[in-house]
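Take a look at the structure below.
Numbering (my numbering), first residue to last: 4 to 182.
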């Protein structure tokens, strides 16, 4: 009897921990922006915004229209204002993380007119101006293209350091890098 109770508690604990340890879902920011612009009434826009505030969103194809470097408390940051292509909404954020700053600085250095992909928490939408999205905090994921390509899109097309595949025909696996 004691072993049964102990086994039951062990299984229950394992199930509880496995369900709470899941990663948070990341929503598509480009779709959100398009849905926001497509909403006809202020009530429809509010209904769209309320459940997504504070959640992670991933935006691609953001074309940088303004980029300002500064320092806050001795730490470098870059303010970026970009345009989301499907909705023409403005996306604003401050890049603070060293990893993100390194991506912006990688050769060729990111400048106005370039496109990037970012992930960030939705802080406000439509409050700064009617067509502005503010993300805070944000992580720059990669330098991007201006629009999706027709057909499939692979990670190695975006990141030249990504693995394209593995060749196992010669007996020992070889990692194939994108060219």
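Ideal Cβ positions, reconstructed from N, Cα and C, are used throughout, including at glycine.
Fair warning: this is a prediction, and the values are worked out from it, not measured in the lab.
Boundaries of the alpha helix (DSSP H) in which residue 120 is found, first to last residue: Membership of residue 120 in any alpha helix (DSSP H) is not indicated; the residue belongs instead to the beta strand (DSSP E) covering 118-128.
Indicate whether residue 67 and residue 142 have their beta-carbon atoms separated by less than 9 Å. No, these two residues do not count as a Cβ contact at 9 Å.
Cutting at 8 Å between CB atoms, please list the residues of its own chain near residue 60, excluding the five before and the five after it. Once the five neighbours on either side are set aside, the close Cβ partners of residue 60 are 29, 30, 31, 32, 35, 122, 123, 124, 125, 138.
Short CB-CB distance (under 9 Å) between residue 72 and chain D: Within the model displayed, chain D is absent; a lone protein chain is all it includes.
Could you check whether residue 145 and residue 129 sit closer than 9 Å to each other, using their CB atoms as the reference points? For residue 129 and residue 145, no; Cβs fall outside 9 Å.
With a 10 Å radius around its C-beta and 16 neighbouring C-beta atoms as the bar for buried, classify residue 150 as buried or exposed. So residue 150 ends up on the exposed side.
Is it buried or exposed for residue 65, if we count other Cβ within 10 angstroms and need 16 for buried? Within 10 angstroms of the beta-carbon of residue 65 lie 16 or more other beta-carbons, which makes it buried.
Can you list, in chain order, the residues of its chain whose CB lies under 6 Å from that of residue 82, leaving out five sequence neighbours each side? Annotation for residue 82: 71, 97 place their beta carbon closer than 6 Å to its own, counting only its chain and skipping 5 residues before and after.
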